[in-house]
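Undergrad:
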Amino acid sequence: MNSKTIAYGILRAVAIIVGVLGLLWFLYQIRSVLIYIAFAAVISLMGRPLVSFLKRKLKFNNTLAVVFTLFITLGLFFSIFMLFVPIITEQGQLIGEININQIGDDLDRLNQEVSDYFNVEKLSFVELFKQTDLMQFFDLKAVPNMINSFLSGFGAVLIGLFSVLFISFFLLKDSLLLENSLLVFAKKEDENKFMRAFTKIKDLLSRYFVGLLLQVVILFVLYTILLLIFGVHNAIAVALIAAILNLIPYIGPLFGGIFMIFLATTSNLGYDFQTVMLPKLLYILIGYLIIQLIDNFINQPLIFGTSVKSHPLEIFLAILIFGLLFGIGGLIVAVPSYTAIKVIAKEFLSEYKIVKTLTKDL
1165 MNSKTIAYGI LRAVAIIVGV LGLLWFLYQI RSVLIYIAFA AVISLMGRPL
1215 VSFLKRKLKF NNTLAVVFTL FITLGLFFSI FMLFVPIITE QGQLIGEINI
1265 NQIGDDLDRL NQEVSDYFNV EKLSFVELFK QTDLMQFFDL KAVPNMINSF
1315 LSGFGAVLIG LFSVLFISFF LLKDSLLLEN SLLVFAKKED ENKFMRAFTK
1365 IKDLLSRYFV GLLLQVVILF VLYTILLLIF GVHNAIAVAL IAAILNLIPY
1415 IGPLFGGIFM IFLATTSNLG YDFQTVMLPK LLYILIGYLI IQLIDNFINQ
1465 PLIFGTSVKS HPLEIFLAIL IFGLLFGIGG LIVAVPSYTA IKVIAKEFLS
1515 EYKIVKTLTK DL
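If you want our numbering, it's the 1-based position in the sequence shown plus 1164.
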C-alpha cells in the first residue's frame, strides 16, 4: 500500500464524513418540511380505508374520493377547534369579571379546610408564589412581544395546515407516490423487498392509526359522561383534551388525570371542601381510574394486538426504550417506528433467528 492509496482513502473518508454532516445539516434546515410530510403521511394512512370504501362501495372516482376524505378530515379538526371556543370565551368573561379579593378568600378558605381535614400545617400561597420564579413572567412590557409571537405563530399554523393538506392530497391520490420517491435509495436487486416491506408497513400503520382514532373517540365519550355526571364546566372540551393526551403512552393519562382534577377543583371553588369538593373529586378520580383500566386491558390490547401484530411486552419495551432515547416524542412514535423496523427486518434480515421469532406473526 503506497502513500497515494493511503491519501486517497483518507480523502474518501473525509468526503463521506463531510457528506453525511452536510446531509444532516440540510435535513435540520428543512425540518419543518419533514414534519409536514410526516403529518401528511399519517393523514394519508388514516384516510386510505375511507378512500377505498368510497371508491369500492359508493363508486367515487379517485380524485373525488380523496377530496371528500380531506374534507372530512378538515371538518373533524375544525370541529375539535370549535370545541375550545366556548371554554376560551368563558375564561375571558371570568377574567373580566374577576374579583381578586373573593378569589383570595376562596383560596384561603380552601387552604384552611384542606389543612384542617388532613391535619397538616397551613400553607401560604403568597409566600410560595414569591419564592418561585413566576413573578418574572408578570411583566407588562412583554405583552406586545407575546401578541407578535401569537400572530406569527398563527401565520405559521396556516402555512403548515395548507402544506399538510396539499401533500396529503397527492399521497392519497397516488398511493405509490411515497414508495416511488423512496425507491431511488434502494439497490436494484432489493427493490422487490423494499416494495413488499413498504406495502406491509402502510397496511399495518393504517390500521394502527385508525385504531388510535377509535381509542380517542371511546375515551372521549367515557370522559364526557363522567364529567357531565359530576357537573364539571366545559365537560366536552376537557374530555377531548384528556382523550388526546392519552396518545402519549403512560405519561399522557397521568397529565390528563391531573388536568381533569384541576378543572373539577376550580369548578367547585367556594364550596365546602369536606362535604362537597372532596367526595366529588374522589368520585371523579375513581371514574377516571376505571376508564383507564378499560383502556389498558381492552382498547390497547385490541389495537396493538390486531393492528401492528406485536405482543404487549414488545410494545412496552419499545415504548420504554424510545422514551429513554428521545423523550416524549419518542413515546409517541415508538409503536409506528418499532413496527416499521420489524417489517424491514423481516424482509432483509430474515435469516437471523431472533428476527424470525419477533416477526413470525407479520
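Cβ atoms here follow ideal geometry from the backbone N, Cα and C, with glycine treated the same way.
Going along the chain, which residues of its own chain have a beta-carbon closer than 7 Å to the beta-carbon of I1492, five neighbours each way excluded?
TA: Short of 7 Å from the beta carbon of I1492, and not among the five residues preceding or following it, lie these beta carbons of its own chain, in chain order: I1412, I1415.
Undergrad: In three-state terms, what does DSSP make of I1194?
TA: coil
Undergrad: Check whether the region 1169-1185 touches the region 1197-1206, counting contact only when three or more Cβ pairs, one atom from each stretch, lie closer than 8 Å.
TA: Taking 8 Å as the limit for Cβ pairs, the verdict is that the region 1197-1206 does not touch the region 1169-1185.
Undergrad: Once the 5 residues before and after S1114 are set aside, which same chain residues still bring their CB inside 6 Å of it?
TA: In the structure as shown, the chain begins at 1165 and stops at 1526. Residue 1114 is therefore absent and cannot be evaluated.
Undergrad: Closer than 7 Å to a non-hydrogen atom of the ligand NAP - does that hold for the CB of V1321?
TA: Absence of the ligand NAP is noted for the structure shown, with no ligands found whatsoever.
Undergrad: Using alpha carbons as the reference points, say which of L1325, V1184, T1521 lies closest to A1204.
TA: Looking at the Cα atoms, L1325 is the closest of the given residues.
Undergrad: Helix or strand or just coil, what does DSSP make of N1123?
TA: Since the first and last residues shown for the chain are 1165 and 1526, residue 1123 lies out of range.
Undergrad: Kindly indicate which residue of K1506, Q1456, P1476, K1221 has the alpha-carbon position closest to the one of G1421.
TA: Q1456
Undergrad: Going by DSSP, what residue range makes up the alpha helix (DSSP H) through K1221?
TA: Segment: none, K1221 is in no alpha helix (DSSP H) and carries neither H nor E.
Undergrad: In the structure shown, what three-state DSSP assignment does D1459 receive?
TA: If DSSP states are grouped into helix, strand and coil, D1459 belongs with the helices.
Undergrad: Going by C-alpha to C-alpha distance, which of S1327, E1353, T1363, F1461 sits closest to L1341?
TA: T1363
Undergrad: Excluding the five sequence neighbours on either side, which residues of its own chain have a C-beta within less than 8 Å of the C-beta of F1512, listed in chain order?
TA: D1354, K1357, A1361
Undergrad: Is L1375 buried or exposed, if buried means 16 or more other CB atoms sit within 10 Å of its CB?
TA: Before going on, a small fix: residue 1375 reads as Gly here, not Leu. When all chains shown are included, G1375 counts as buried.
Undergrad: Taking DSSP as the reference, what is the three-state secondary structure of E1511?
TA: helix
Undergrad: With DSSP run on the structure shown, which of helix, strand or coil describes T1233?
TA: helix
Undergrad: With a cut-off of 8 Å on the beta carbons, I'd call K1506 and L1484 a contact; round off their distance for me.
TA: Actually they do not touch by this definition, with Cβ atoms about 16 Å apart.
Undergrad: If we count the other Cβ atoms within 10 Å of its Cβ and call it buried at 16 or more, is T1470 buried or exposed?
TA: exposed
Undergrad: Specify, as a first and last residue, the run of the alpha helix (DSSP H) that T1537 falls within.
TA: Here the chain comprises residues numbered 1165 to 1526, so residue 1537 is not present and cannot be evaluated.
Undergrad: Entirely within the region 1398-1427 and at least 3 residues each: give me those beta strand (DSSP E) ranges in chain order.
TA: none
Undergrad: For a test of the three-state rule: what should DSSP assign to F1242, helix, strand or coil?
TA: Helix at F1242.
Undergrad: With H, G and I counted as helix, E and B as strand and the rest as coil, what does DSSP make of V1178?
TA: helix
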